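Going by my numbering, the sequence shown opens with residue 1, and the numbers climb by one from there. We put the CB at the ideal spot given by N, CA and C, even for glycine. No experiment lies behind these values; they were computed from the predicted model shown. Remarks on the structure that follows.
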Amino acid sequence: MSDANQGAEEFESAARPTETVAEFENHRSGILGKFQHLLHVNPSFVPLIVLVGAIVIFGLLLGSKFFSPFAMTLILQQVQIVGIVAAAQSLVILTAGIDLSVGAIMVFSSVIMGQFTFRYGIPVPIAVMCGLAVGTLIGAVNGWLVSRVKLPPFIVTLGMWQIVLATNFLYSANETIRSQDIETNAPFLQFFGTKFSVGGATFTVGVIFMLVLIFVLAYALKHTAWGRHVYAVGDDPEAAELSGVNVHGTLMSVYMLSGLICAFAGWALIGRIGSVSPTSGQLANIESITAVVIGGISLFGGRGSILGTLFGALIVGVFTLGLRLLGADAQWTYLLIGLLIIAAVAVDQWIRKVSG
1 MSDANQGAEE
11 FESAARPTET
21 VAEFENHRSG
31 ILGKFQHLLH
41 VNPSFVPLIV
51 LVGAIVIFGL
61 LLGSKFFSPF
71 AMTLILQQVQ
81 IVGIVAAAQS
91 LVILTAGIDL
101 SVGAIMVFSS
111 VIMGQFTFRY
121 GIPVPIAVMC
131 GLAVGTLIGA
141 VNGWLVSRVK
151 LPPFIVTLGM
161 WQIVLATNFL
171 YSANETIRSQ
181 DIETNAPFLQ
191 FFGTKFSVGG
201 ATFTVGVIFM
211 LVLIFVLAYA
221 LKHTAWGRHV
231 YAVGDDPEAA
241 ELSGVNVHGT
251 LMSVYMLSGL
261 ICAFAGWALI
271 GRIGSVSPTS
281 GQLANIESIT
291 AVVIGGISLF
301 GGRGSILGTL
311 FGALIVGVFT
321 LGLRLLGADA
331 QWTYLLIGLL
341 IIAAVAVDQW
351 IRKVSG
């Protein structure tokens, strides 16, 4: 073969593309990678696993004392207020915001319902509607300041928390409306505390409302255009706006709905404690954030399931009741919940690497 022919063959061989141009490391290979991807797609699995594990552990330690219908439904009754407020908090955090005013809105709405009924003699259903309207209005102010004025949600809701809390104490004059007076003259205010039995378990209307609310919001977030817009705004508001999403309208709807849900929580709070107290529910904002974080919703927005929030609230309830039945110091509950919060954020960061 001539040198010319040999040179031509070498040139063609060098120019011919190879079958594999480039190979990239597959981060999802192996059991750990697949598990990480599974948790990324289903973020509520983490709190569900923790919840089931906690129930099993306390069940083994306490036996039928913990697994009784009374104990199981007692957990639901204890977390109903936190669960409702946490549902409102979840919506805001999904948009990459945070609402520190949820507890104050809840308490002030309950005070409006009680004071309008007993101070002004307004019919109870109208007083309740006024309380719901006030909660929605406060949420609308939060939403407008965040979406139009472009103030940070943390600052807006921190200021609103102080304003609403002060207004609550000034308007109510720190006056508590007693349970006996409500039961005699305005029993409708205690509607969410109405109990009924199913088998050996005792439920309240507030528990049923919490569960229905969670499942309705879960459906709306997953299967409606509004839900997809909430996730889009939380993930990247600029990209969402370029895609045709009404970012202002979405944020306004989220904050107004959050205020309305907190007002319902105020009504449920009256049913839970029986009275209207301006000093009740002071830690609801922190407790709601705790349930959301443990429930696997990312504080960076755009990722998470509101079902996880329900699991997060139940985890706190299971630990609280389980340790109480074991006779442990209450501080152990705070210690374990603190560890769970840090662990939940760490797991969220690990899971987020899948999308990185």
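#### Entry: arginine 368 classed as buried or exposed, judged by whether at least 16 other C-beta atoms fall within 10 angstroms
With the chain running from 1 to 356 in the structure shown, residue 368 is simply not present.
### Message
For lysine 195, report the span of its beta strand (DSSP E) as first-last.
### Response
By 1-based counting over the sequence shown, the position of residue 195 is 195. Counting along the chain, the beta strand (DSSP E) containing lysine 195 begins and ends at 195-198.
### N- and C-terminal bounds of the beta strand (DSSP E) containing phenylalanine 203
Residue mapping note: residue 203 aligns to position 203 of the sequence shown, counting from 1. Going by DSSP, phenylalanine 203 is part of the beta strand (DSSP E) stretching over 201-204.
### Query
Which residues in the same chain as phenylalanine 116 place their Cβ atom closer than 6 Å to its Cβ, once the five residues preceding and following it in sequence are excluded?
Looking up residue 116 in the sequence shown gives position 116. Within the same chain, phenylalanine 116 has close Cβ partners Ile122, Ala127 and Cys130.
### Message
Can you find the residues in the same chain that come closer than 7 Å, C-beta to C-beta, to isoleucine 112, ignoring five residues on each side of it along the sequence?
### Response
Numbered from its first residue, the sequence shown carries residue 112 at position 112. So the qualifying residues of the chain are Cys130, Gly131 and Val134.
### Query
Would DSSP call isoleucine 337 helix, strand or coil?
Residue 337 sits at position 337 when you count from the first residue of the sequence shown. Here isoleucine 337 sits in helix by DSSP.
### Message
Output needed for serine 197: all residues of its chain with C-beta closer than 8 Å, excluding positions within five of it in sequence on either side, in chain order.
### Response
Translated into the one-based positions of the sequence shown, residue 197 becomes position 197. If you ignore the 5 residues before and after serine 197, its C-beta comes within less than 8 Å of the C-beta of Phe203, all in its own chain and listed in chain order.
### Query
Of all the options Ser258, Val230, Asn142 and Thr333, which has the alpha carbon lying nearest to the alpha carbon of glycine 304?
By 1-based counting over the sequence shown, the position of residue 304 is 304. Measuring from the Cα of glycine 304, the nearest candidate turns out to be Val230.
### Task
State the beta-bridge partners of isoleucine 177 as determined by DSSP.
The residue labelled residue 177 in the question sits at position 177 within the sequence shown. Looking at the DSSP output, isoleucine 177 bridges to Val276.
### Query
Using 8 Å as the threshold, is the region 275-283 in touch with the region 170-180, meaning 3 or more CB pairs across them?
yes
#### Entry: Reduced DSSP category for glutamine 282 - H, G, I as helix; E, B as strand; rest coil
By 1-based counting over the sequence shown, the position of residue 282 is 282. Coil, per DSSP.
### Query
Can you tell me the Cα-Cα spacing of serine 172 and alanine 239, whole angstroms?
As a working mapping, residue 172 is identified with position 172 in the sequence shown. As a working mapping, residue 239 is identified with position 239 in the sequence shown. Roughly 45 Å separates the two Cα atoms.
### Closest Cα partner of glycine 143 within the set Phe169, Ser101, Val82 and Phe108
Stepping through the sequence shown from its first residue, residue 143 is reached at position 143. Comparing Cα-Cα distances from glycine 143 to each of Phe169, Ser101, Val82 and Phe108, the minimum goes to Ser101.
#### Entry: tyrosine 334 burial status per 10 Å Cβ neighbour count (16 or more: buried)
Taking the first residue of the sequence shown as 1, we reach residue 334 at position 334. Counting C-beta atoms within 10 angstroms of its own C-beta, tyrosine 334 has fewer than 16 neighbours from the protein chains shown and is therefore classed as exposed.
### Query
Which residues in the same chain as alanine 263 place their Cβ atom closer than 6 Å to its Cβ, once the five residues preceding and following it in sequence are excluded?
The residue given as residue 263 occupies position 263 in the sequence shown. If we look at alanine 263 and ignore the five residues flanking it on each side, its Cβ neighbours are Ser109, Gly131, Leu132 and Gly135.
#### Entry: aspartate 236 - DSSP class collapsed to helix/strand/coil
Counting from 1 along the sequence shown, the entry for residue 236 is found at position 236. Correct three-state label for aspartate 236: coil.
### Query
Based on Cα-Cα distance, which residue from Arg148, Pro69 and Arg228 lies nearest to alanine 201?
Residue 201 sits at position 201 when you count from the first residue of the sequence shown. For alanine 201, the nearest C-alpha among the options comes from Pro69.
### For tyrosine 171, the three-state DSSP class (helix, strand or coil)
Taking the first residue of the sequence shown as position 1, residue 171 is located at position 171. Tyrosine 171 falls in the helix class under three-state DSSP.
### Message
In this structure, how does DSSP classify lysine 222 when only helix, strand and coil are distinguished?
### Response
For this step, residue 222 is matched to residue 222 along the sequence shown. Here lysine 222 sits in helix by DSSP.
### Query
What are the boundary residues of the alpha helix (DSSP H) that valine 102 is part of?
For the purposes of this step, residue 102 is taken as residue 102 along the sequence shown, with counting starting at 1. Taken as a continuous stretch (DSSP letters only), the alpha helix (DSSP H) holding valine 102 covers 102-118.
### Task
Just the C-alpha distance for valine 52 and leucine 145, rounded to the nearest angstrom, thanks.
Position 52 of the sequence shown, counting from 1, holds the residue named residue 52. Position 145 of the sequence shown, counting from 1, holds the residue named residue 145. Answer to the nearest angstrom: the Cα atoms are 41 Å apart.
### Task
Could you have a look at arginine 148 and say whether DSSP puts it in helix, strand or coil?
As a working note, residue 148 is residue 148 in the sequence shown. Arginine 148 falls in the coil class under three-state DSSP.
### Query
Whose CA, out of Leu326, Ile93 and Ile55, lies closest to the CA of threonine 290?
For the purposes of this step, residue 290 is identified with residue 290 of the sequence shown, where counting begins at 1. Closest option to threonine 290, Cα to Cα, is Ile93.
### Message
Just to confirm my understanding: we take alanine 218, look at its own chain, exclude 5 residues before and 5 after, and list those with CB closer than 8 Å. What are they?
### Response
In the sequence shown, counting from the first residue as 1, residue 218 sits at position 218. Here the set comprises Ser305, Ile306 and Leu307.
#### Entry: Contact check, glycine 114 vs leucine 189, beta carbons under 9 Å
Here the question's residue 114 lines up with position 114 in the sequence shown. Here the question's residue 189 lines up with position 189 in the sequence shown. Yes, they are a contact pair.
### Cut-off 6 Å between Cβ atoms - residues of its own chain near leucine 339, not counting five sequence neighbours on either side
Reading the sequence shown from its first residue, position 339 is the one you call residue 339. Excluding residues within five positions, none has a Cβ falling inside 6 Å.
### Message
For leucine 325 and leucine 76, which I take to be in contact (beta-carbon distance under 8 Å), what is that distance rounded to the nearest angstrom?
### Response
For the purposes of this step, residue 325 is taken as the residue at position 325 of the sequence shown. For the purposes of this step, residue 76 is taken as the residue at position 76 of the sequence shown. Going by Cβ atoms, the distance from leucine 325 to leucine 76 rounds to 16 Å, so no, they are not a contact pair.
### Query
Between alanine 88 and serine 280, is the Cβ-Cβ spacing less than 9 Å?
As a first step, residue 88 must be located in the sequence shown, where it is residue number 88. As a first step, residue 280 must be located in the sequence shown, where it is residue number 280. Against a cut-off of 9 Å, the Cβ pair of serine 280 and alanine 88 comes out as no contact.
### Message
Helix, strand or coil, according to DSSP, for glycine 304 in the structure here?
### Response
Here residue 304 corresponds to residue number 304 of the sequence shown, with the count starting at 1. It is coil, neither helix nor strand.
#### Entry: Selection from His248, Ala284, Met210 and Val345 that minimises the alpha carbon distance to valine 141
Along the sequence shown, one-based indexing puts residue 141 at 141. If we check each option's Cα against that of valine 141, His248 comes out closest.
### Message
Within a Cβ cutoff of 7 Å, which residues of the same chain sit near valine 207, ignoring the five residues on either side of it in sequence?
### Response
Counted from its first residue, the sequence shown places residue 207 at position 207. Closer than 7 Å at the Cβ level, and outside the excluded window around valine 207, lie Leu76, Gln77 and Gln80.
#### Entry: Buried versus exposed, by CB contacts within 10 Å (16 or more), glycine 302
To locate residue 302, count along the sequence shown from 1; it is residue 302. Buried is the call here.
### Query
Looking at the unbroken alpha helix (DSSP H) that takes in glycine 53, where does it start and where does it end?
To locate residue 53, count along the sequence shown from 1; it is residue 53. Glycine 53 -> alpha helix (DSSP H) spans 45-62.
### Task
Give me the Cβ distance between valine 430 and phenylalanine 58, rounded to the nearest whole Å; I'm assuming they're in contact under 8 Å.
Residue 430 lies beyond the stretch modelled for the chain, which goes from 1 to 356, so this question has no answer here.
### Query
Quick one: what's got a C-beta closer than 8 Å to tryptophan 267's C-beta in the same chain, skipping five residues either side?
As a first step, residue 267 must be located in the sequence shown, where it is residue number 267. Correct list, in chain order: Ser109, Ser110, Met113, Val128, Gly131, Leu132, Leu189, Phe191 and Phe192.
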